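Protein chains in written order, with my numbering: chain A, 11 to 340; chain B, 11 to 340.
There are 2 protein chains.
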Amino acid sequence: MKSVVKHSLVAVALLTLTVAAARAADPLPSWYEGAAKKSIVEFVGNVTRQGSPDFVPQPERIAVFDNDGTLWSEHPMYFQLAFALDRVKALAPKHPEWKTKQPFKAALEGDMKTLAASGEKGLLELVMVTHAGNTPDEFQKIVRDWLATARHPRFKRHYNELVYQPMLELLAYLRANGFKIFIVSGGGVEFMRAWVEGVYGIPPEQVIGSSIKTKYEVRNGVPAIIRLPQVNFIDDKEGKPVGINQHVGRRPIAAFGNSDGDFQMLEWVTSGSGTRFGLLVHHDDAKREYAYDRKTPFGRLARGLDEGPKRGWTIVSMKDDWRTIYPSAR
Amino acid sequence: MKSVVKHSLVAVALLTLTVAAARAADPLPSWYEGAAKKSIVEFVGNVTRQGSPDFVPQPERIAVFDNDGTLWSEHPMYFQLAFALDRVKALAPKHPEWKTKQPFKAALEGDMKTLAASGEKGLLELVMVTHAGNTPDEFQKIVRDWLATARHPRFKRHYNELVYQPMLELLAYLRANGFKIFIVSGGGVEFMRAWVEGVYGIPPEQVIGSSIKTKYEVRNGVPAIIRLPQVNFIDDKEGKPVGINQHVGRRPIAAFGNSDGDFQMLEWVTSGSGTRFGLLVHHDDAKREYAYDRKTPFGRLARGLDEGPKRGWTIVSMKDDWRTIYPSAR
Chain A
11 MKSVVKHSLV
21 AVALLTLTVA
31 AARAADPLPS
41 WYEGAAKKSI
51 VEFVGNVTRQ
61 GSPDFVPQPE
71 RIAVFDNDGT
81 LWSEHPMYFQ
91 LAFALDRVKA
101 LAPKHPEWKT
111 KQPFKAALEG
121 DMKTLAASGE
131 KGLLELVMVT
141 HAGNTPDEFQ
151 KIVRDWLATA
161 RHPRFKRHYN
171 ELVYQPMLEL
181 LAYLRANGFK
191 IFIVSGGGVE
201 FMRAWVEGVY
211 GIPPEQVIGS
221 SIKTKYEVRN
231 GVPAIIRLPQ
241 VNFIDDKEGK
251 PVGINQHVGR
261 RPIAAFGNSD
271 GDFQMLEWVT
281 SGSGTRFGLL
291 VHHDDAKREY
301 AYDRKTPFGR
311 LARGLDEGPK
321 RGWTIVSMKD
331 DWRTIYPSAR
Chain B
11 MKSVVKHSLV
21 AVALLTLTVA
31 AARAADPLPS
41 WYEGAAKKSI
51 VEFVGNVTRQ
61 GSPDFVPQPE
71 RIAVFDNDGT
81 LWSEHPMYFQ
91 LAFALDRVKA
101 LAPKHPEWKT
111 KQPFKAALEG
121 DMKTLAASGE
131 KGLLELVMVT
141 HAGNTPDEFQ
151 KIVRDWLATA
161 RHPRFKRHYN
171 ELVYQPMLEL
181 LAYLRANGFK
191 IFIVSGGGVE
201 FMRAWVEGVY
211 GIPPEQVIGS
221 SIKTKYEVRN
231 GVPAIIRLPQ
241 VNFIDDKEGK
251 PVGINQHVGR
261 RPIAAFGNSD
271 GDFQMLEWVT
281 SGSGTRFGLL
291 VHHDDAKREY
301 AYDRKTPFGR
311 LARGLDEGPK
321 RGWTIVSMKD
331 DWRTIYPSAR
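Laid out in structure tokens, this is it:
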């Protein structure tokens with residue numbers, strides 16, 4: 011073997027090793043190199059590096075994540091709404107009156123137009139009636155049973171498989187850097203607690219969400235929490251900072267969202283003193299997921315796109331920043 | 011030296027060493043040996059020993075503690091009420107109408123009888139008016155400034171020095187055994203968050219309490235959470251299980267309290283499946299602290315004394331179970 015060839019082979023081998031090592035060392039392999047990934051890595055480096063002027067002690071490294079559209083998909087409709095519609099069908103035999111009563115009639119007939127016309131009030135009624143009258147344990151079992159069987163109409167996968175691989179890596183990366191992560195979702199808190207620990211590694215006490223009222227009672231000698239068909243808290247828009255303050259008791263240093271329902275959360279978090287981080291996922295990938303922003307009932311994003319960049323927020327393009335969307339099927 | 015003397019000296023030295031080592035190894039040195047201490051150590055051993063039939067995985071090792079009367083004193087009145095009365099005096103110059111308006115007039119005049127007669131409604135009004143109209147950060151600073159100056163009428167020490175040394179050891183012991191601890195208090199959540207991290211080592215996100223409503227607003231371009239003079243949640247009696255379920259999302263395996271306001275919390279916790287632990291602190295030490303149970307407006311304990319033992323709850327006698335009450339003055 012000629013020396014120059016030999017040297018080239020060694021060089022190639024070394025290069026391969028170097029690339030492999032870099033890949034192995036990369037905590038965010040599903041993110042393309044680019045401005046979004048760079049902003050994340052820089053922020054984490056700044057707040058964790060001892061002696062950095064932006065250093066933040068570990069207990070204050072709180073990060074908040076929206077769920078629908080930020081950690082998992084939300085089209086063609088919020089997955090919790092798909093669950094509620096399936097619940098209406100399951101409960102219908104016990105409620106003959108639903109055949110003629112809206113919005114239940116529309117839900118049973120799959121008449122999405124009439125359902126949408128029932129507005130937030132109609133959808134809320136649907137969710138409350140189908141979610142109440144049980145204990146948290148019973149309700150969470152119903153959710154898990156549904157997740158184990160129901161499938162997304164387009165991707166034909168279980169709903170909790172439609173989580174974003176790049177975001178799973180981001181959660182792990184932040185955790186490895188001493189962050190405590192809270193989910194802050196407009197979705198129902200007990201609906202999420204049924205599955206987020208297994209999928210995201212986030213324990214139930216780090217989930218903040220909308221909720222219905224509950225009461226404590228001892229029934230036939232058995233103490234239980236009973237879920238009631240009354241709204242307790244709506245964790246959306248201005249509700250998100252309120253919910254975070256109530257639950258966490260201090261202002262997070264990083265916030266991740268995807269819609270204008272997350273605007274106030276990002277605004278509050280990024281206006282705190284010291285280094286702060288805000289990020290919005292922009293759904294612009296019709297081929298691999300969905301493309302939507304200003305005109306959609308689920309996950310509308312307009313103000314965030316207009317004002318986000320001026321406020322220093324990172325806008326993630328699913329198309330250009332993400333190498334993969336979903337984890338590979340097991 | 012005669013051999014027998016020599017041997018005795020060696021024996022004494024060995025014994026001294028053994029006792030010292032046992033003391034050093036004892037995680038609860040301020041607890042006398044007895045049934046209460048034994049029940050705690052047995053419970054912790056059972057749920058943490060690998061292979062034990064009662065083993066509980068670490069994420070499920072949730073313990074809840076009441077605060078007033080369980081972790082710190084609550085006589086001659088709840089310390090937060092002492093704070094509210096001092097706030098009335100501090101705010102009085104801006105509220106000339108309080109000179110003639112109850113319950114403020116009574117508060118200003120130190121007329122505890124009229125104040126007590128104003129009932130829960132009157133006290134609640136007092137607390138809300140003196141606690142609202144600021145941001146959580148501003149309010150917590152007011153609380154910390156008060157703690158740094160105000161002193162308990164009998165013990166002449168700062169209020170946050172009147173925490174129970176045996177309970178500080180218990181918190182540390184549980185933490186060392188993988189427990190996550192939440193405070194679940196009828197007291198105000200932001201009042202506690204001002205100081206519990208420093209005193210108990212419990213971060214703000216692990217504090218559950220009563221609360222007033224808040225709203226998010228952007229005032230002159232500055233986003234803030236504003237505290238409003240309206241009740242949001244009362245974390246007492248049946249409210250405690252409700253608050254725990256809302257915040258933690260799973261049933262704790264151990265609960266610690268001292269009054270009938272904690273009854274439902276202990277009832278719910280100890281009726282779960284598997285090994286559970288309930289403990290009530292009985293204030294029976296008039297000499298070193300206070301002696302009270304059935305007849306007191308602050309920390310009434312009757313049903314717990316009557317039913318607790320039958321339910322397998324540990325009743326702690328401050329007099330007989332605790333070697334020390336408060337930490338030694340620094």
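Built from N, CA and C at the ideal position, the CB exists for glycine as well.
Bear in mind that the values here come from a model prediction, so they are computed numbers and not experimental data.
Terminal residues of the beta strand (DSSP E) in which residue i lies
| i | result |
| --- | --- |
| P195 (chain B) | For the record, residue 195 (chain B) in the displayed sequence is Ser; it is not Pro. S195 (chain B) -> beta strand (DSSP E) spans 190-198. |
| R71 (chain B) | Premise fails: R71 (chain B) is in no beta strand (DSSP E) and is neither H nor E. |
| A264 (chain B) | 264-267 |
Residue i - DSSP class collapsed to helix/strand/coil
| i | result |
| --- | --- |
| M11 (chain B) | Residue confidence is low: M11 (chain B) scores 49 on pLDDT, short of 50, so the model does not pin down where it sits. No coordinate-derived value is stated. |
| S49 (chain A) | helix |
| H343 (chain A) | This structure does not reach residue 343 (chain A), given that chain A is present from 11 up to 340, and the question cannot be answered. |
| P239 (chain B) | strand |
| K329 (chain A) | helix |
| D78 (chain A) | strand |
| T324 (chain B) | strand |
| H257 (chain A) | helix |
| F165 (chain B) | coil |
| D245 (chain A) | coil |
| Y210 (chain B) | helix |
| L290 (chain A) | strand |
| Y183 (chain B) | helix |
| P233 (chain A) | strand |
| W108 (chain B) | helix |
| S221 (chain A) | strand |
| A116 (chain B) | helix |
| E135 (chain A) | helix |
| F299 (chain B) | Note that residue 299 (chain B) corresponds to Glu in the displayed sequence, not to Phe. Reduced to three states, the DSSP call for E299 (chain B) is coil. |
| E84 (chain B) | coil |
| E43 (chain A) | coil |
Whole-Å CB distance - residue i paired with residue j, under 8 Å assumed
| i | j | result |
| --- | --- | --- |
| V139 (chain A) | P239 (chain A) | 6 Å |
| R237 (chain B) | H141 (chain B) | 7 Å |
| L157 (chain B) | H168 (chain B) | 6 Å |
| E317 (chain B) | Y226 (chain A) | With a Cβ gap of about 17 Å, E317 (chain B) and Y226 (chain A) do not count as contacting. |
| G259 (chain A) | P214 (chain B) | 3 Å |
Bounding residues of the alpha helix (DSSP H) (the contiguous stretch that carries residue i)
| i | result |
| --- | --- |
| F89 (chain A) | 89-101 |
| G314 (chain A) | 313-317 |
| D147 (chain B) | 146-159 |
| Q216 (chain A) | Run containing Q216 (chain A): none; DSSP gives neither H nor E here. |
| H173 (chain A) | This sequence places Val at residue 173 (chain A); His is not what is there. No alpha helix (DSSP H) holds V173 (chain A); DSSP gives it neither H nor E. |
| W278 (chain A) | 273-280 |
| K1 (chain B) | Shown here, chain B extends from 11 to 340; a query on residue 1 (chain B) therefore has no answer. |
Test item: CB-CB of residue i and residue j under 8 Å
| i | j | result |
| --- | --- | --- |
| A117 (chain B) | L95 (chain B) | yes |
| I343 (chain A) | P146 (chain A) | Here chain A has residues from 11 to 340 only, and residue 343 (chain A) is not among them. |
| G197 (chain A) | G219 (chain A) | yes |
| V279 (chain B) | M328 (chain B) | no |
| L101 (chain A) | L133 (chain A) | no |
| S269 (chain B) | L315 (chain B) | no |
| F89 (chain B) | T285 (chain B) | no |
| I72 (chain B) | I263 (chain B) | yes |
| W82 (chain A) | V173 (chain A) | yes |
| V217 (chain A) | V241 (chain A) | no |
| V153 (chain A) | F201 (chain A) | yes |
| D330 (chain A) | G44 (chain A) | yes |
| Y300 (chain A) | H105 (chain A) | no |
| P337 (chain B) | E171 (chain B) | yes |
| D272 (chain A) | D76 (chain A) | yes |
| P37 (chain A) | Y183 (chain A) | yes |
| S40 (chain A) | P176 (chain A) | yes |
| R321 (chain B) | G282 (chain B) | no |
Heavy atom of the ligand ZN within 7 Å of residue i beta-carbon
| i | result |
| --- | --- |
| G120 (chain B) | Looking for the ligand ZN in the displayed structure turns up nothing, as the structure carries no ligands at all. |
What are the residues of the stretch 252-284 of chain A that lie near chain B, defined by any Cβ-Cβ distance shorter than 7 Å? V252, N255, Q256, H257, V258, G259, R260, Q274, E277, W278, S281
Closer than 8 Å, Cβ to Cβ, to anything on chain B: give me those residues from the stretch 168-185 of chain A, in chain order. none
With 9 Å as the C-beta to C-beta threshold (strictly closer), list the residues of the stretch 112-143 of chain A near chain B in chain order. none
Just by C-beta distance, which residues in the stretch 60-78 of chain B are closer than 9 Å to chain A? P69, I72
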